Every structure is written in structure tokens, then in C-alpha cells.
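Peer 1: Residue numbers (the UniProt record's numbering): 1 to 228.
Ideal Cβ placement from N, Cα and C applies to all residues, glycine included.
These numbers come from a predicted model, not from an experiment.
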């Protein structure tokens, strides 16, 4: 059960966040200010911090900077939460090292979804060394793609996209899911970017007629499969 540390000075907001997180089967720690959070971190290591920007005394922004500068907490994922939703504020929050940014007011569903997404990125699964589907082979050690024994040239982003599809074959993914899994920490990439890279990947696979493995799923997104 992953542990989430909620740092917010408003008890009512912490209560709502705790209820939502516990309903999603997270263990929850709470702190009302930066000093209380630091004491908790000295005795308990959470898997992620939900950190409010506006805290009494030391701000959430200052606390995030300190945590990212400390070798013991540097790799701890942080989602910054703030009523300051302007682009400049989001950029400032992310520049401190925060992994994501949620603007208030937000829904509990959005908070849970973003929490799960950041946790997935923080602990990626071990990639398979080599996979072959329908004559298309990806070698993750050599970083090579081949089709029926012929090399296929793909750009770095298309390689990551193809590797994700081939390690999750026969499953349909929405554009937002692909952004989360393939682009990950690049927060401002738009969903239509996925379509651009799908087209490029299909074009790279056209000469060996493997472009058909990348299937469009109407109303959902895309799927990689050698089944019709």
C-alpha cells in the first residue's frame, strides 16, 4: 500500500484528500506546515508528497526546493497543489523539481489519477530485453528495431512509443494514457502530439507492411496487435 504525505494547512481540505486517497487504497500521512512535515519525514518515508504551495511560515515552494536538494529526499515525487493556476506559477512550481502541478479547485478523481500517474513514472517496470510480434522485433539492449530481419530506422520518441506498445500488446490505450506512459514528465505535451508520432511510426513501418500492427481504436485511441 503506497504511502502519501499530504501537506496542507487547511484541515477540511486534508480530510477530503485523506478520504479520497484512502478510498483508493493509499496509506495517508498528514502535516499542516513545513516543520511538521520535516519531522514526519525523519521517521517515515512516503512514496509521494501532495504539497500545498501556500503554507504558514515556510512556503510549499521553499519546502519542495529543500527536499530536492537533500540527497535523502531528492528522489521523492512531489505534486504541487495551489490556487495559483497561471502558467507562470505552474512553471515555477515545476522548476523547483515538482513532478506535477494541480490547480485548485480540483476533483478528488483528478488528484487520484495524477497521483497514480506520478507513482507509475517514479517506479517503471523492468523493460523486456527483446520482443517480437508478427515479424517485428525490438531489441531494447541494442536499441534496434528490425522487421523480417531488415533494420528499421525510428526516431527516439517513436522508439519509446513502439517499445511501450510491444510490451503491452493487444491492449487499447487512450492518447492521455500514452502521454502519461511514453512522454511522462513532459507535462505540457498535447494529446494531438500522440497522433503525429503515430503517423511517423506507421510511415517507418510501411516498407515492411508492419504499419497495420498499429491499429486505431475508434472512440478510445490506439492498440498494437497482430490480430485483426
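Would you list the one or two residues that DSSP bridges to residue 214?
Peer 2: Indexing the chain shown from 1 puts residue 214 at position 214. Bridge partners of residue 214: 224.
Peer 1: Are residue 152 and residue 208 touching if we call contact CB-CB under 9 Å?
Peer 2: Position 152 of the chain shown, counted from the start, is the residue given in the question as residue 152. Position 208 of the chain shown, counted from the start, is the residue given in the question as residue 208. Taking 9 Å as the Cβ cut-off, residue 152 and residue 208 qualify as a contacting pair.
Peer 1: Tell me the rounded alpha-carbon separation between residue 193 and residue 176.
Peer 2: Position 193 of the chain shown, counted from the start, is the residue given in the question as residue 193. Position 176 of the chain shown, counted from the start, is the residue given in the question as residue 176. Cα to Cα, residue 193 sits roughly 10 Å from residue 176.
Peer 1: On the CB-based measure, 16 or more other CB atoms within 10 Å of its CB, does residue 145 come out buried or exposed?
Peer 2: Residue numbering aside, residue 145 sits at position 145 when the chain shown is read from its first letter. By the neighbour-count rule (16 or more Cβ atoms within 10 Å), residue 145 is buried.
Peer 1: Is residue 35 a contact residue of the ligand GDP, with contact defined as CB to any heavy atom under 8 Å?
Peer 2: Ligands are entirely absent from the displayed structure, and the ligand GDP is therefore not among its contents.
Peer 1: Within the same chain, show all residues whose beta-carbon is closer than 7 Å to that of residue 174, passing over the 5 residues directly before and after it, in chain order.
Peer 2: To locate residue 174, count along the chain shown from 1; it is residue 174. Correct list, in chain order: 220, 221.
Peer 1: In whole angstroms, what separates the C-alpha of residue 57 from that of residue 168?
Peer 2: Position 57 of the chain shown, counted from the first residue, corresponds to residue 57. Position 168 of the chain shown, counted from the first residue, corresponds to residue 168. Residue 57 and residue 168: Cα-Cα distance of roughly 47 Å.
Peer 1: Whose C-alpha, out of 122, 141, 137, is nearest the C-alpha of residue 129?
Peer 2: On the chain shown, residue 129 is found 129 positions in, with the first residue counted as 1. Of 122, 141, 137, the residue nearest in Cα terms is 141.
Peer 1: How about residue 162 and residue 47: do their beta carbons lie closer than 9 Å?
Peer 2: As a position in the chain shown, residue 162 is number 162, starting the count at 1. As a position in the chain shown, residue 47 is number 47, starting the count at 1. In this structure, residue 47 does not lie closer than 9 Å to residue 162 by Cβ.
Peer 1: Looking at residue 96 and residue 64, is the spacing between their C-beta atoms short of 9 Å?
Peer 2: Within the chain shown, residue 64 is the residue found at index 64, counting from 1. Within the chain shown, residue 96 is the residue found at index 96, counting from 1. Contact flag set, yes.
Peer 1: Give me the Cα-Cα distance between residue 13 and residue 19, rounded to the nearest whole angstrom.
Peer 2: Counting from one through the chain shown, the residue named residue 13 turns up at place 13. Counting from one through the chain shown, the residue named residue 19 turns up at place 19. Their backbone Cα atoms lie some 10 Å apart in a straight line.
Peer 1: Residue 170 and residue 218: beta carbons closer than 9 Å?
Peer 2: For the purposes of this step, residue 170 is taken as the residue at position 170 of the chain shown. For the purposes of this step, residue 218 is taken as the residue at position 218 of the chain shown. Not a contact, by the Cβ cut-off of 9 Å.
Peer 1: Going by DSSP in three states, residue 182 sits in which element: helix, strand or coil?
Peer 2: Position 182 of the chain shown, counted from the first residue, corresponds to residue 182. Of the three classes helix, strand and coil, the one that applies to residue 182 here is helix, per DSSP.
Peer 1: Would DSSP call residue 49 helix, strand or coil?
Peer 2: On the chain shown, position 49 is the one that residue 49 refers to. In the structure shown, residue 49 sits in a strand (DSSP, three-state: E or B).
Peer 1: Among 197, 200, 172, which one has its Cα closest to the Cα of residue 227?
Peer 2: Here residue 227 corresponds to residue number 227 of the chain shown, with the count starting at 1. Minimum Cα distance to residue 227 is reached at 172.
Peer 1: Is DSSP giving residue 30 helix, strand or coil here?
Peer 2: Mapped onto the chain shown, residue 30 falls at position 30. The answer is strand: DSSP assigns residue 30 an E or B state.
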